[in-house]
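A.B. asks:
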Amino acid sequence: RAALSRHSRYFEAMFFGGTRESSEKHIVIRGVEAETFQVLLEFTRSATVLIMPHNVTRLLETADFLQFERVKRMCEKFLERELHVSNCLSLMAYAQCFACAELHASALSVALTHWTEVITQEEFEMLPKDTLLELLQSDDLFVPREDVVFETVLKWIMHDPATREQDFLDLMGQVRVTFLSLSFLDILVKQSKHPGEKDPSARLLEKLNRCPPLRWRSMELSPGTSRSYETLYVLGGKHDKEQQELFQFQPKTGTWHLCSPLQRRNLIQYAVAAVGDEKGDVYGGVQRLDVEKDVWDVISVSPLPSVQLSSPASPLARYDLSVTALNGALYTIGGGAFRFDMDTDEWTRVDEECLTPKFFLGCCTVNGQIYLLAQRQGNVALPNMVLFDPYTD
Numbered sequence: 001r002a003a004l005s006r007h008s009r010y011f012e013a014m015f016f017g018g019t020r021e022s023s024e025k026h027i028v029i030r031g032v033e034a035e036t037f038q039v040l041l042e043f044t045r046s047a048t049v050l051i052m053p054h055n056v057t058r059l060l061e062t063a064d065f066l067q068f069e070r071v072k073r074m075c076e077k078f079l080e081r082e083l084h085v086s087n088c089l090s091l092m093a094y095a096q097c098f099a100c101a102e103l104h105a106s107a108l109s110v111a112l113t114h115w116t117e118v119i120t121q122e123e124f125e126m127l128p129k130d131t132l133l134e135l136l137q138s139d140d141l142f143v144p145r146e147d148v149v150f151e152t153v154l155k156w157i158m159h160d161p162a163t164r165e166q167d168f169l170d171l172m173g174q175v176r177v178t179f180l181s182l183s184f185l186d187i188l189v190k191q192s193k194h195p196g197e198k199d200p201s202a203r204l205l206e207k208l209n210r211c212p213p214l215r216w217r218s219m220e221l222s223p224g225t226s227r228s229y230e231t232l233y234v235l236g237g238k239h240d241k242e243q244q245e246l247f248q249f250q251p252k253t254g255t256w257h258l259c260s261p262l263q264r265r266n267l268i269q270y271a272v273a274a275v276g277d278e279k280g281d282v283y284g285g286v287q288r289l290d291v292e293k294d295v296w297d298v299i300s301v302s303p304l305p306s307v308q309l310s311s312p313a314s315p316l317a318r319y320d321l322s323v324t325a326l327n328g329a330l331y332t333i334g335g336g337a338f339r340f341d342m343d344t345d346e347w348t349r350v351d352e353e354c355l356t357p358k359f360f361l362g363c364c365t366v367n368g369q370i371y372l373l374a375q376r377q378g379n380v381a382l383p384n385m386v387l388f389d390p391y392t393d
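Going by the UniProt record's numbering, the letters in the sequence shown line up with residues 1 to 393, in that order.
(1) Just the C-alpha distance for Asn-55 and Gly-31, rounded to the nearest angstrom, thanks.
(2) Quick one: using the 10 Å Cβ neighbour count with 16 as the cut-off for buried, is His-92 buried or exposed?
(3) Helix, strand or coil for Thr-392 per DSSP?
(4) So the candidates are Gln-369, Val-85 and Thr-19; which of them puts its Cα closest to the Cα of Leu-232?
(5) Look at Phe-98 and Glu-69 and say whether their C-beta atoms are less than 9 Å apart.
(6) Can you have a look at Asn-379 and say buried or exposed, based on whether 16 or more other CB atoms are within 10 angstroms of its CB?
(7) According to the neighbour-count rule (16 or more other Cβ atoms, all chains shown, within 10 Å of its Cβ), is Ala-34 buried or exposed?
(8) Looking only at its chain, what residues have a beta carbon closer than 6 Å to the beta carbon of Pro-212, apart from the 5 residues adjacent to it on each side?
(9) Would you identify the three-state DSSP class for Val-366, choosing helix, strand or coil?
(10) With distances taken Cα to Cα, identify the nearest neighbour of Thr-392 among Phe-124, Gly-335 and His-84.
(11) Is there contact here, the stretch 37-47 with the stretch 346-354, by at least three beta-carbon pairs under 8 Å?
(12) Let me confirm a value: Ala-313 is counted as buried when at least 16 other C-beta atoms fall within 10 Å, else exposed. Which label applies?
(13) Among Lys-72, Arg-376 and Ile-29, which has the Cα closest to the Cα of Leu-50?
(14) Measuring alpha carbon to alpha carbon, tell me which of Leu-382, Ala-381, Gln-377 and Cys-364 ends up nearest Phe-388.
(15) Who are Phe-340's beta bridge partners in DSSP?
(16) Quick one: residues in its chain with C-beta nearer than 7 Å to the C-beta of His-114, no 5 flanking neighbours on either side, listed in chain order?
(17) For the ligand NAP, any of its heavy atoms closer than 8 Å to the Cβ of Ser-181?
(18) Alpha carbon to alpha carbon, what distance is there between Leu-208 and residue 394?
(19) In the DSSP output, what is Ser-322 paired with across the bridge?
(20) Could you check the C-alpha separation between Lys-358 and Ile-187 for me, to the nearest Å?
(21) Should Asn-384 and Ala-105 be called a contact, given that it needs their Cβ atoms to be closer than 9 Å?
(22) Just how far apart, CA to CA, sit Glu-278 and Asp-343?
(23) Give the secondary structure of Leu-355 by DSSP, where H, G and I count as helix, E and B as strand, and everything else as coil.
(24) Please report how far the alpha carbon of Leu-127 lies from the alpha carbon of Phe-338, in whole angstroms.
(25) Based on the DSSP secondary-structure assignment, which residues constitute the bridge partners of His-257?
(26) Classify Val-110: buried if its beta carbon has 16 or more other beta carbons within 10 angstroms, exposed otherwise.
(27) If I measure Cβ to Cβ from Pro-53 and keep anything under 8 Å in the same chain, skipping five residues before and after, which residues do I get?
(28) Quick one: using the 10 Å Cβ neighbour count with 16 as the cut-off for buried, is Ala-162 buried or exposed?
(29) Looking at the strands, I want to know which residues DSSP matches up with Phe-360.
(30) Quick one: what's got a C-beta closer than 7 Å to Ser-138's C-beta in the same chain, skipping five residues either side?
(31) May I ask you to report which of helix, strand or coil DSSP gives Met-126?
(32) Give the single residue among Leu-79, Gln-377 and Asp-345 whose Cα lies nearest to the Cα of Gly-334.
(33) Just how far apart, CA to CA, sit Glu-102 and Ala-325?
(34) How big is the Cα-Cα spacing for Leu-180 and Gln-375?
(35) Taking only the alpha-carbon atoms, compute the straight-line gap between Asp-167 and Ile-157 and give it to the nearest angstrom.
(36) Smallest Cα separation from Glu-76: which of Thr-178, Thr-57 and Lys-252?
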């Protein structure tokens, strides 16, 4: 009883809160499977729990009911690693049911940054109207053009026009009409002039033409800006130059733009690197600097054996690391790829052919996707860029 109470507020209240159960020898807990409870009981002894795809939801729900917060959090992190465009909407709803705030935030981020893929999934067709409304309202909805948002509404309505047509104007009000392309508007105008009784979409367009949403007619209600999205900046060049070139990459359009160069004159340069110990070991783990205490802490050890710098190159070599963060996890790339969960201190190998065994000069996260720049081959950097999307690849 003491062990259960240390890990669960539910049992703490039951055994030490003056309730009737505190003095009983046999207690019946209804609605809890014996097998799942046995896993939680083992956790109180060993502080470890085996989470698998077949038991994660039962374990999370039982941990939530019995208030095993640590186990619930571990299950939540497991589901975060399973996020994909095909399940992000259902995991959003699931996370909301069981108050998994971080899982909900991660699933929402995947949905917003991968919208064009999400709307092709079966889950999208069953999305509740209120959830769709919330997603379409977001400034962070990443779409190549606002036309996609218009098409999204039509697609959702047409899945069940008999019951969903009443929500048409309300949802269309979330389309930022001032940012629709002229070519798309031209097509809509032509379709609305020839509504056919056998074509529900044409009838909806004619309805939209007769009675546009209030948000389209009111400057105060209509958003004055387009949806926000991130861009990528690349800074580099020769060290003996007084200027370093700066380029901006627009993921939305796939275009590069030359920006104002960085003036290097009288500039003090700072760098952070992991060089290992005096033996030449590299990739020894992850360290974190507490800026208030000015102290470094080792927060994780590498999942692989260290590699000597003097040894021949091998598929398991770990050096020239590029690191970026995505949805609360670190991705390390260099001779291979790993995902480090900072909450659970877990390393997971990322098995992707485009990453193993390769090295890149830099990487960063933009709009929920990882961009890797300039693959290195010996002393040569290739003029290429690799896009890695852990939620679709």
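The beta-carbon is built from N, C-alpha and C at its ideal position, and this holds for glycine as well. These numbers come from a predicted model, not from an experiment.
C.D. replies: A quick look at the data gives this:
(1) Position 55 of the sequence shown, counted from the first residue, corresponds to residue 55. Position 31 of the sequence shown, counted from the first residue, corresponds to residue 31. Rounded to the nearest angstrom, the two C-alpha atoms are 16 Å apart.
(2) Numbered from 1 along the sequence shown, position 92 holds the residue referred to as residue 92. Checking the displayed sequence, the identity of residue 92 turns out to be Met instead of His. Burial state of Met-92 is buried, judged by a 10 Å Cβ sphere holding 16 or more other Cβ atoms.
(3) Indexing the sequence shown from 1 puts residue 392 at position 392. DSSP places Thr-392 outside both helix and strand once states are collapsed to three, so it counts as coil.
(4) Counting from 1 along the sequence shown, the entry for residue 232 is found at position 232. Of the listed residues, the one whose Cα sits closest to Leu-232 is Gln-369.
(5) Along the sequence shown, read from residue 1 onward, the residue named residue 98 stands at position 98. Along the sequence shown, read from residue 1 onward, the residue named residue 69 stands at position 69. No, Cβ-Cβ distance for Phe-98 and Glu-69 is not below 9 Å.
(6) Walking along the sequence shown from the start, residue 379 turns up at place 379. Asn-379 should be labelled exposed.
(7) As a position in the sequence shown, residue 34 is number 34, starting the count at 1. Around the CB of Ala-34, fewer than 16 other CB atoms lie within 10 Å, so the residue is classed as exposed.
(8) Working through the sequence shown from its first residue, we reach residue 212 at position 212. Within the same chain, and ignoring the five residues on either side of Pro-212 in sequence, no residue has its Cβ closer than 6 Å to its Cβ.
(9) For the purposes of this step, residue 366 is identified with residue 366 of the sequence shown, where counting begins at 1. DSSP places Val-366 in strand when its eight states are reduced to three.
(10) Numbered from its first residue, the sequence shown carries residue 392 at position 392. When the alpha-carbon of Thr-392 is set against those of Phe-124, Gly-335 and His-84, the nearest one is in His-84.
(11) Segment contact: the stretch 37-47 against the stretch 346-354, fewer than three CB-CB distances shorter than 8 Å; contact not assigned.
(12) The residue labelled residue 313 in the question sits at position 313 within the sequence shown. With a pLDDT of 37 at Ala-313, under the threshold of 50, the modelled position of this residue cannot be trusted; read the value that follows with caution. Exposed.
(13) What you label residue 50 is simply residue 50 of the sequence shown in a count that begins at 1. For Leu-50, the nearest C-alpha among the options comes from Lys-72.
(14) Residue numbering aside, residue 388 sits at position 388 when the sequence shown is read from its first letter. Comparing Cα positions, the closest option is Cys-364.
(15) Mapped onto the sequence shown, residue 340 falls at position 340. Leu-330 and Trp-347, per the DSSP bridge assignment.
(16) For the purposes of this step, residue 114 is taken as residue 114 along the sequence shown, with counting starting at 1. Contacts found: Val-85, Gly-368, Tyr-391 and Thr-392.
(17) The ligand content of the structure shown is nil, which means the ligand NAP is not present either.
(18) Residue coverage of the chain in this structure runs from 1 to 393, which leaves residue 394 outside it and unanswerable.
(19) Residue numbering aside, residue 322 sits at position 322 when the sequence shown is read from its first letter. DSSP output for Ser-322 lists Ile-333 as bridge partner(s).
(20) Reading the sequence shown from its first residue, position 358 is the one you call residue 358. Reading the sequence shown from its first residue, position 187 is the one you call residue 187. One Cα belongs to Lys-358, the other to Ile-187, and the distance between them is close to 46 Å.
(21) The residue given as residue 384 occupies position 384 in the sequence shown. The residue given as residue 105 occupies position 105 in the sequence shown. In this structure, Asn-384 keeps its C-beta atom at 9 Å or more from the C-beta atom of Ala-105.
(22) Position 278 of the sequence shown holds residue 278. Position 343 of the sequence shown holds residue 343. Legend: pLDDT at Glu-278 = 36, less than 50; position of this residue unreliable, no value from coordinates given.
(23) Position 355 of the sequence shown holds residue 355. Coil at Leu-355, not helix or strand.
(24) Indexing the sequence shown from 1 puts residue 127 at position 127. Indexing the sequence shown from 1 puts residue 338 at position 338. When rounded, the distance between both Cα atoms is 33 Å.
(25) Residue numbering aside, residue 257 sits at position 257 when the sequence shown is read from its first letter. Its beta-bridge partners are Gln-248.
(26) Position 110 of the sequence shown holds residue 110. Label assigned to Val-110: buried.
(27) Residue numbering aside, residue 53 sits at position 53 when the sequence shown is read from its first letter. The answer, listed in chain order, is Glu-82.
(28) Here the question's residue 162 lines up with position 162 in the sequence shown. Taking every protein chain shown into account, the CB of Ala-162 has fewer than 16 other CB atoms within 10 angstroms, so this residue is exposed.
(29) As a working note, residue 360 is residue 360 in the sequence shown. For Phe-360, which the question treats as bridged, DSSP gives the partners Gln-375.
(30) Translated into the one-based positions of the sequence shown, residue 138 becomes position 138. For Ser-138, where only same-chain residues beyond five positions count, the Cβ hits under 7 Å are Leu-112.
(31) As a position in the sequence shown, residue 126 is number 126, starting the count at 1. In the displayed model, Met-126 falls within coil according to three-state DSSP, outside both helix and strand.
(32) In the sequence shown, counting from the first residue as 1, residue 334 sits at position 334. Of the residues Leu-79, Gln-377 and Asp-345, the one whose Cα lies closest to the Cα of Gly-334 is Gln-377.
(33) One-based indexing of the sequence shown puts residue 102 at position 102. One-based indexing of the sequence shown puts residue 325 at position 325. Distance between the alpha carbons of Glu-102 and Ala-325 is about 15 Å.
(34) In the sequence shown, residue 180 corresponds to position 180, counting from 1. In the sequence shown, residue 375 corresponds to position 375, counting from 1. Straight-line Cα distance between these residues: approximately 38 Å.
(35) Counted from its first residue, the sequence shown places residue 167 at position 167. Counted from its first residue, the sequence shown places residue 157 at position 157. If you draw a straight line from the Cα of Asp-167 to the Cα of Ile-157, it comes to about 8 Å.
(36) Working through the sequence shown from its first residue, we reach residue 76 at position 76. Taking only the C-alpha atoms, the option nearest Glu-76 is Thr-57.
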